[in-house]
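Asks: Pasting in a structure now, in structure tokens, and then I'll have a few things to ask.
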Amino acid sequence: MDKKKIIFVDDDDKILNGLKRMLHDSEDKWELNFVNSADAAIELIGSTQFDVVVSDVKMPEKTGIDLLRELKSNEETKALPVIMLTGLNEADLKRKALELGAIDLLNKPVQFEDLHARINSVLKVKEFQDELLEKNSLLEEQLYQKQKMEVIGNLASGAFHDINNILAIIGGYSQLIKVNPNLVEKSMAQINESCKLASKLIQQVLEFAKSKKEMKSLLDIGILIEDGTELLRHCIPKRIELKLEKPDNLVKLQLNQTQIFQLLMNLCLNAANAITDKGEIRVKLSETFLDNNHAASTSGEEIPVGRYVTLSVSDSGYGMGNKTLNGMFTPFFSKKWGEGGTGLGMVVVQRIIGNHNGKINVESGSDAGTRITVYFPVEASLN
Ligand SMILES: Nc1ncnc2c1ncn2[C@@H]1O[C@H](COP(=O)(O)OP(=O)(O)OP(=O)(O)O)[C@@H](O)[C@H]1O
Ligand SMILES: [Mg+2]
Numbered sequence: 125m126d127k128k129k130i131i132f133v134d135d136d137d138k139i140l141n142g143l144k145r146m147l148h149d150s151e152d153k154w155e156l157n158f159v160n161s162a163d164a165a166i167e168l169i170g171s172t173q174f175d176v177v178v179s180d181v182k183m184p185e186k187t188g189i190d191l192l193r194e195l196k197s198n199e200e201t202k203a204l205p206v207i208m209l210t211g212l213n214e215a216d217l218k219r220k221a222l223e224l225g226a227i228d229l230l231n232k233p234v235q236f237e238d239l240h241a242r243i244n245s246v247l248k249v250k251e252f253q254d255e256l257l258e259k260n261s262l263l264e265e266q267l268y269q270k271q272k273m274e275v276i277g278n279l280a281s282g283a284f285h286d287i288n289n290i291l292a293i294i295g296g297y298s299q300l301i302k303v304n305p306n307l308v309e310k311s312m313a314q315i316n317e318s319c320k321l322a323s324k325l326i327q328q329v330l331e332f333a334k335s336k337k338e339m340k341s342l343l344d345i346g347i348l349i350e351d352g353t354e355l356l357r358h359c360i361p362k363r364i365e366l367k368l369e370k371p372d373n374l375v376k377l378q379l380n381q382t383q384i385f386q387l388l389m390n391l392c393l394n395a396a397n398a399i400t401d402k403g404e405i406r407v408k409l410s411e412t413f414l415d416n417n418h419a420a421s422t423s424g425e426e427i428p429v430g431r432y433v434t435l436s437v438s439d440s441g442y443g444m445g446n447k448t449l450n451g452m453f454t455p456f457f458s459k460k461w462g463e464g465g466t467g468l469g470m471v472v473v474q475r476i477i478g479n480h481n482g483k484i485n486v487e488s489g490s491d492a493g494t495r496i497t498v499y500f501p502v503e504a505s506l507n
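In structure tokens form, the structure reads like this:
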């Protein structure tokens with residue numbers, strides 16, 4: 125088994141040497157590292173994966189509290205457990221350390237038994253946490269897959285309708301050839317076109333259905349959304365007009381292609397479900413800069429100032445009252461129970477947006493249609 129890596133931070137070399145001697149016998153199971161400043165700790169933690177930090181609270185220049193704050197505010201290191209070494213009478217510093225997320229406190233001078241026991245228990249907790257995180261990401265992947273299958277079911281049943289029509293066209297032209305041999309060439313061309321269309325449709329659904337766990341890459345969201353809306357046109361009822369508006373040159377973003385497809389499908393299928401008669405769905409992509417004066421989002425989520433690519437899906441459907449607006453992101457919340465709804469669509473949408481560091485805004489009212497806007501931060505995709 126790999127040795128657990130522990131880093132000790134104290135400006136006093138005598139204390140570091142004392143700790144070194146104290147823990148000498150543990151070196152067969154722990155890899156011990158000693159540094160004498162918070163900056164040196166930050167540098168080492170940036171290049172090596174540690175399991176525990178043990179830091180003195182009082183240090184000149186950058187203190188243990190500063191170190192803790194810096195570690196907790198960094199996405200990469202915020203889960204790293206920190207044990208603080210404090211003096212007996214430093215109640216304020218102890219409170220501050222706990223507030224900032226120190227996992228444990230130890231009084232100086234440190235006793236071997238105490239230190240050994242605390243490090244052991246923190247390592248155990250971290251092991252459980254890592255296990256949970258792994259299980260969590262596995263469950264998350266299963267959620268995406270399961271929900272994707274629901275979406276594919278919806279798409280396929282719509283697409284089968286179109287494929288059925290295409291087969292009828294092929295049948296019609298085959299009959300025509302029999303009746304009027306002069307039309308062979310024209311009919312064959314039509315049959316050929318129809319076969320190509322049906323095959324493309326099947327290919328698009330199958331491509332989306334392929335189970336693959338892909339990473340994000342720099343992509344043109346315009347192309348993804350264009351492909352998606354084209355497929356959707358075949359899958360939603362013909363009484364609903366689906367329009368796409370997009371500028372030509374959108375900045376490229378770090379995107380997970382399958383997830384963006386899944387997000388678009390969910391938003392548009394929900395929109396289509398909300399339109400009971402004739403109606404319209406508008407998909408719009410644009411680039412925008414939100415400054416300090418931008419309107420707060422109506423769904424209450426703060427959208428930070430910055431440059432964004434926005435994707436909005438508006439529909440002329442029956443909209444949502446407050447109860448639905450408040451519940452729509454809750455797992456298994458669905459007004460379509462008994463009609464095949466699972467109530468996982470918007471949960472997955474929200475997670476996909478989170479995975480792209482984005483934000484969502486929902487504007488809707490009873491009988492007033494709905495507009496859902498997704499904000500993809502451009503900054504996160506640069507460099
Ligand atoms: N565009 C919309 N117009 C009206 N209601 C909507 C819209 N989008 C979502 N909702 C409401 O939010 C609920 C939750 O949506 P979600 O996509 O999570 O589940 P669902 O569509 O009911 O089921 P599933 O997506 O599994 O088929 C829907 O049942 C619906 O009541
Ligand atoms: Mg849905």
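Offset between the sequence shown (1-based) and our numbering: plus 124. Positions of the beta carbon are idealized from the N, C-alpha and C atoms, including for glycine. From a predicted model like this one, the values you see are computed outputs, not experimental measurements.
Provide the residue span of the beta strand (DSSP E) that contains E155, from first to last.
Replies: Locating residue 155 in the sequence shown gives position 31, counting from the first residue. It spans W154 to V159 - the beta strand (DSSP E) in which E155 sits, taken as one unbroken run.
Asks: Which residues does DSSP list as the beta-bridge partners of Y432?
Replies: The sequence position of residue 432 within the sequence shown is 308, counting from 1. DSSP, once it has assigned bridges, lists T412 and P501 as partnering Y432.
Asks: Between which two residues does the beta strand (DSSP E) harbouring L209 extend?
Replies: For the purposes of this step, residue 209 is identified with residue 85 of the sequence shown, where counting begins at 1. Looking at the DSSP string, the run of the beta strand (DSSP E) that includes L209 is V206 to T210.
Asks: Please report the distance separating the alpha-carbon of C359 from that of P455.
Replies: For this step, residue 359 is matched to residue 235 along the sequence shown. For this step, residue 455 is matched to residue 331 along the sequence shown. Those two C-alpha atoms are separated by around 25 Å.
Asks: Would you check whether ligand 1 has a heavy atom nearer than 6 Å to the C-beta of S458?
Replies: Numbered from 1 along the sequence shown, position 334 holds the residue referred to as residue 458. Checking every heavy atom of ligand 1 against the Cβ of S458, one is found closer than 6 Å.
Asks: Do W154 and K127 have their C-beta atoms within less than 7 Å of each other?
Replies: Locating residue 154 in the sequence shown gives position 30, where the first residue counts as 1. Locating residue 127 in the sequence shown gives position 3, where the first residue counts as 1. In this structure, K127 lies closer than 7 Å to W154 by Cβ.
Asks: Checking 7 Å against the spacing of the C-beta atoms, do D439 and G493 come in under that value?
Replies: If you number the sequence shown from 1, residue 439 lands on position 315. If you number the sequence shown from 1, residue 493 lands on position 369. Yes.
Asks: Using 7 Å as the threshold, is the C-beta distance between L168 and R193 below it?
Replies: Locating residue 168 in the sequence shown gives position 44, counting from the first residue. Locating residue 193 in the sequence shown gives position 69, counting from the first residue. No.
Asks: May I ask you to check if the CB of N289 is nearer than 6 Å to at least one heavy atom of ligand 2?
Replies: The sequence position of residue 289 within the sequence shown is 165, counting from 1. Not so, every heavy atom of ligand 2 lies at least 6 Å from the Cβ.
Asks: Does DSSP put R219 in a helix, a strand or coil?
Replies: Start at 1 with the first residue of the sequence shown, and residue 219 comes out as number 95. Residue state, collapsed to three classes: helix.
Asks: So is the beta-carbon of G469 under 6 Å away from any non-hydrogen atom of ligand 2?
Replies: Here residue 469 corresponds to residue number 345 of the sequence shown, with the count starting at 1. Within the cutoff, so yes.
Asks: Confirm the yes/no value for this check: CB of M452, any heavy atom of ligand 1, distance under 6 Å.
Replies: Within the sequence shown, residue 452 is the residue found at index 328, counting from 1. True, at least one ligand heavy atom lies under 6 Å from that Cβ.
Asks: Which word fits Q173, buried or exposed, when buried means at least 16 other C-beta atoms lie within 10 angstroms of its C-beta?
Replies: Numbered from 1 along the sequence shown, position 49 holds the residue referred to as residue 173. Per the 10 Å Cβ criterion, exposed.
Asks: How would you call H148, buried or exposed, if buried means at least 16 neighbouring beta carbons within 10 angstroms?
Replies: Reading the sequence shown from its first residue, position 24 is the one you call residue 148. Answer is exposed; the Cβ neighbour count stays below 16.
Asks: On the DSSP bridge list, what partners appear for Q378?
Replies: Position 254 of the sequence shown, counted from the start, is the residue given in the question as residue 378. Answer is L342.
Asks: Looking at the secondary structure, which residues open and close the alpha helix (DSSP H) in which I243 lies?
Replies: Mapped onto the sequence shown, residue 243 falls at position 119. Run containing I243: F236 to V303, per the alpha helix (DSSP H) assignment.
Asks: If you draw a straight line from the C-alpha of V502 to the C-alpha of G403, how long is it?
Replies: Within the sequence shown, numbered from 1, the residue matching residue 502 stands at position 378. Within the sequence shown, numbered from 1, the residue matching residue 403 stands at position 279. Near 33 Å, if we compare the C-alpha coordinates of G403 and V502.
Asks: Kindly confirm or deny that the segment 306-320 and the segment 442-458 touch, where touching means at least three C-beta pairs closer than 8 Å.
Replies: No: the two stretches stay apart, fewer than three of their Cβ pairs being nearer than 8 Å.
Asks: Mind checking K320: buried by the 16 CB within 10 Å criterion, or exposed?
Replies: The residue labelled residue 320 in the question sits at position 196 within the sequence shown. Exposed, since its Cβ has fewer than 16 Cβ neighbours within 10 Å.
Asks: Could you tell me the distance, in whole angstroms, from the CA atom of M389 to the CA atom of F332?
Replies: Position 265 of the sequence shown, counted from the start, is the residue given in the question as residue 389. Position 208 of the sequence shown, counted from the start, is the residue given in the question as residue 332. Straight-line Cα distance between these residues: approximately 11 Å.
Asks: For V176, report the span of its beta strand (DSSP E) as first-last.
Replies: The residue given as residue 176 occupies position 52 in the sequence shown. Per DSSP, V176 belongs to the beta strand (DSSP E) from V176 to D180.
Asks: Excluding sequence positions up to five away, which residues of its chain have a Cβ less than 7 Å from the Cβ of L307?
Replies: By one-based count along the sequence shown, residue 307 stands at place 183. L300 and I301, listed in sequence order.
Asks: Checking 7 Å against the spacing of the C-beta atoms, do G346 and L374 come in under that value?
Replies: Translated into positions along the sequence shown, residue 346 becomes position 222. Translated into positions along the sequence shown, residue 374 becomes position 250. Their beta carbons are under 7 Å apart, which means G346 touches L374 by this criterion.
Asks: So, using beta-carbon positions, are S179 and G170 closer together than 7 Å?
Replies: Residue 179 sits at position 55 when you count from the first residue of the sequence shown. Residue 170 sits at position 46 when you count from the first residue of the sequence shown. Contact: no.
Asks: When you measure from the CB of G465 to every non-hydrogen atom of ligand 1, does any distance come out below 6 Å?
Replies: Taking the first residue of the sequence shown as position 1, residue 465 is located at position 341. G465: yes, Cβ under 6 Å from ligand 1.
Asks: Name the two residues that bound the continuous alpha helix (DSSP H) containing N141.
Replies: Residue mapping note: residue 141 aligns to position 17 of the sequence shown, counting from 1. From DSSP, the alpha helix (DSSP H) with N141 extends over D137 to M146.
Asks: Find the nearest neighbour of I476 within the set N260, T382, E354 and I276, judged by alpha-carbon distance.
Replies: Here the question's residue 476 lines up with position 352 in the sequence shown. Closest option to I476, Cα to Cα, is T382.
Asks: Three or more C-beta pairs closer than 8 Å, one from the segment 252-260 and one from the segment 268-275: is that the case here?
Replies: The answer is no - the segment 268-275 does not touch the segment 252-260, with fewer than three Cβ pairs under 8 Å.
Asks: Report the start-end ranges of each alpha helix (DSSP H) in the segment 432-495 that is 4 residues or longer and not cut off at the edges.
Replies: Correct list: 446-451 and 469-479.
Asks: Is I189 helix, strand or coil by DSSP?
Replies: The sequence position of residue 189 within the sequence shown is 65, counting from 1. Helix, per DSSP.
Asks: Any heavy atom of ligand 2 closer than 6 Å to the beta-carbon of N394?
Replies: Position 270 of the sequence shown, counted from the first residue, corresponds to residue 394. Yes, since a heavy atom of ligand 2 falls inside the 6 Å radius drawn around the Cβ of N394.
Asks: Using CA coordinates, which residue listed in N485, G489 and K370 is at the minimum distance from V473?
Replies: In the sequence shown, residue 473 corresponds to position 349, counting from 1. The shortest C-alpha separation from V473 is found at N485.
Asks: Within the present structure, is the beta-carbon of T494 separated from the nearest heavy atom of ligand 1 by less than 6 Å?
Replies: Along the sequence shown, one-based indexing puts residue 494 at 370. Yes, the Cβ of T494 comes within 6 Å of a heavy atom of ligand 1.
Asks: On the DSSP bridge list, what partners appear for F132?
Replies: In the sequence shown, counting from the first residue as 1, residue 132 sits at position 8. Paired residue(s): F158 and V178.
Asks: Kindly indicate which residue of Q328, S245 and E151 has the alpha-carbon position closest to the one of I287.
Replies: As a first step, residue 287 is located in the sequence shown; it is residue number 163 there, counting from the start. For I287, the nearest C-alpha among the options comes from Q328.
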